[in-house]
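Protein chains in written order, with the numbering used here: chain A, 1 to 315; chain B, 1 to 110.
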């Protein structure tokens with residue numbers, strides 16, 4: 001199939017590993033799914049320390065279940081990416097460890113207090129869910145299938161995140177202040193989750209033409225604001241003055257894009273902020289510490305496959 | 001030799017198990033699967049896999065989802081929070097409710 005034929009046929013769940021797809025499509029889909037998979041893993045690593053810091057047994061249980069889900073989502077997505085035949089899972093994990101793998105902007109910032117938890121667990125997960133729901137209609141079938149399972153599970157994450165936020169918002173004055181401070185700090189990053197405005201986005205046109213993406217950055221961001229600005233207000237959070245949010249008066253909102261720090265965003269996109277180095281380094285060290293587990297799995301696989309077996313290439 | 005057969009009704013959907021066939025090799029298995037399982041029911045694609053290549057774990061061997069109360073990892077555990085503010089959260093909630101009801105109907109635990 002050539003690229004014109006791909007554009008002609010592009011539609012929800014239209015292409016699967018048995019289609020002969022041009023490299024341009026397979027590379028674009030790999031880039032997008034690998035980014036998504038990396039983000040699941042890096043998000044889980046960022047949140048993991050808070051399993052220990054959870055203020056109650058309930059929270060600890062729910063939070064560890066959630067982190068476990070996210071790692072699972074990463075695994076599902078590496079499989080969906082691998083099935084494009086461009087990169088193996090091992091290669092993608094190596095790239096992440098070596099600081100070449102890209103991931104979501106929000107996971108490049110350190111997280112220090114429990115009051116920051118709902119910023120990820122409610123707002124960032126909510127933003128992710130908004131985007132993921134549209135990806136159920138992506139043209140790469142294995143990606144859409146992964147989204148079915150991810151979206152099924154993710155509702156719990158968002159509600160659990162909201163529950164933590166409600167607890168803080170209705171807690172002591174100190175807790176309310178901590179929540180507001182966290183919100184002030186995270187709000188611009190959360191809005192940048194959806195990437196730059198459409199006319200600055202480098203990859204959108206092609207991805208949309210071949211059905212990988214079904215909505216633009218701006219559409220997704222606006223849909224997110226429409227649902228989540230009222231939520232923030234409901235819990236008594238004050239929306240920071242900057243970036244300016246335009247209330248269109250009909251239940252819809254828009255952000256003034258130039259109020260956001262795009263230089264910071266693009267530094268992060270290159271894995272080059274102080275937080276990027278810290279998060280990537282943390283994960284790399286954890287990976288090394290459990291290298292022996294992967295090695296023993298590989299040894300076991302080789303031993304049980306016997307001497308004649310040839311290693312299977314990524315499909 | 002027995003081959004398990006999985007049918008996909010439409011492009012983009014899941015291949016789900018629909019039965020099995022006797023066949024001496026993979027090519028014949030694909031042919032027999034077409035005739036037995038793809039002839040009447042809507043079919044976009046069939047997979048065949050040798051029965052002995054399939055591993056199984058069932059309720060005899062495992063307690064799927066564990067043995068303790070895990071309501072904390074279901075949206076229903078947060079029922080007093082409204083999910084309707086975002087369509088995708090509400091969708092996830094109803095999918096989970098359905099799965100939970102199906103489990104309960106079978107007498108399973110979560």
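The C-beta atom is built at its ideal place from N, Cα and C for all residues, glycine as well.
Given the structure is predicted, the values throughout are model-derived calculations rather than measurements.
Beta carbon of residue i, beta carbon of residue j: below 8 Å?
i                     : j                     : result
residue 111 (chain B) : residue 159 (chain A) : Shown here, chain B extends from 1 to 110; a query on residue 111 (chain B) therefore has no answer.
residue 254 (chain A) : residue 246 (chain A) : yes
residue 188 (chain A) : residue 243 (chain A) : yes
residue 34 (chain A)  : residue 5 (chain A)   : no
residue 26 (chain A)  : residue 85 (chain A)  : yes
residue 36 (chain B)  : residue 21 (chain B)  : yes
residue 73 (chain A)  : residue 150 (chain A) : yes
residue 362 (chain A) : residue 286 (chain A) : With chain A covering 1 to 315 only, the question about residue 362 (chain A) has no answer from this structure.
residue 362 (chain A) : residue 250 (chain A) : No answer is possible for residue 362 (chain A): it lies beyond the span of chain A, which begins at 1 and ends at 315.
residue 29 (chain A)  : residue 140 (chain A) : yes
residue 88 (chain B)  : residue 129 (chain A) : yes
residue 193 (chain A) : residue 104 (chain A) : yes
residue 72 (chain B)  : residue 61 (chain A)  : yes
residue 1 (chain A)   : residue 22 (chain A)  : yes
Checking the sheet assignment: what are the DSSP bridge partners for residue i?
i                     : result
residue 64 (chain B)  : DSSP lists no partner for residue 64 (chain B).
residue 19 (chain B)  : B:5
residue 113 (chain A) : For residue 113 (chain A), which the question treats as bridged, DSSP gives no partner whatsoever.
residue 246 (chain A) : A:254
residue 46 (chain B)  : B:7
residue 186 (chain A) : Partner(s): none; residue 186 (chain A) has no beta bridge.
residue 292 (chain A) : Partner(s): none; residue 292 (chain A) has no beta bridge.
residue 300 (chain A) : None; residue 300 (chain A) has no bridge partner.
residue 262 (chain A) : Bridge partners of residue 262 (chain A): none, in fact.
residue 140 (chain A) : A:15
Just tell me which of the options has its CA closest to the CA of residue i.
i                     : options                       : result
residue 145 (chain A) : A:155, A:68 and A:132         : A:132
residue 51 (chain B)  : B:102, B:26 and B:87          : B:26
residue 122 (chain A) : A:207, A:190 and A:96         : A:190
residue 106 (chain A) : A:116, A:235 and A:300        : A:116
residue 40 (chain B)  : B:57, B:54 and B:8            : B:8
residue 328 (chain A) : A:302, A:11, A:290 and A:163  : Chain A is shown only over 1 to 315; residue 328 (chain A) falls outside these bounds and no answer can be derived.
residue 236 (chain A) : A:96, A:142 and A:167         : A:167
residue 98 (chain A)  : A:296, A:301, A:277 and A:294 : A:277
residue 248 (chain A) : A:262, A:261 and A:225        : A:225
Let me see if you follow: with CB-CB separation under 8 Å, is residue i close to chain D or not?
i                     : result
residue 141 (chain A) : Judged by its chain identifiers, the structure shown contains no chain D, and its protein chains are A and B.
Any heavy atom of the ligand SAM closer than 7 Å to the CB of residue i?
i                    : result
residue 11 (chain B) : In the structure shown, the ligand SAM is absent, as is every other ligand, since no ligand is present at all.
Along the stretch 9-37 of chain B, where does the CB come closer than 8 Å to a CB of chain A? Name the residues.
11, 12, 13 and 14
Tell me whether the stretch 275-293 of chain A and the stretch 35-53 of chain A touch, counting them as touching only if at least three CB pairs, one residue from each stretch, are closer than 8 Å.
yes
Within 8 Å of chain B by C-beta, residues of the stretch 152-169 of chain A in sequence order:
152, 153, 154, 155, 156, 158, 159, 160, 162, 163 and 166
Is there contact here, the stretch 92-105 of chain B with the stretch 70-80 of chain B, by at least three beta-carbon pairs under 8 Å?
yes
Any contact of the stretch 52-71 of chain A with the stretch 175-189 of chain A, i.e. 3+ C-beta pairs under 8 Å?
no
What residues from the stretch 206-217 of chain A come within 9 Å of chain B, judged by C-beta to C-beta, listed N to C?
none
If you measure beta-carbon to beta-carbon, which residues of the stretch 113-136 of chain A are closer than 8 Å to chain B?
126, 129, 130, 132 and 133
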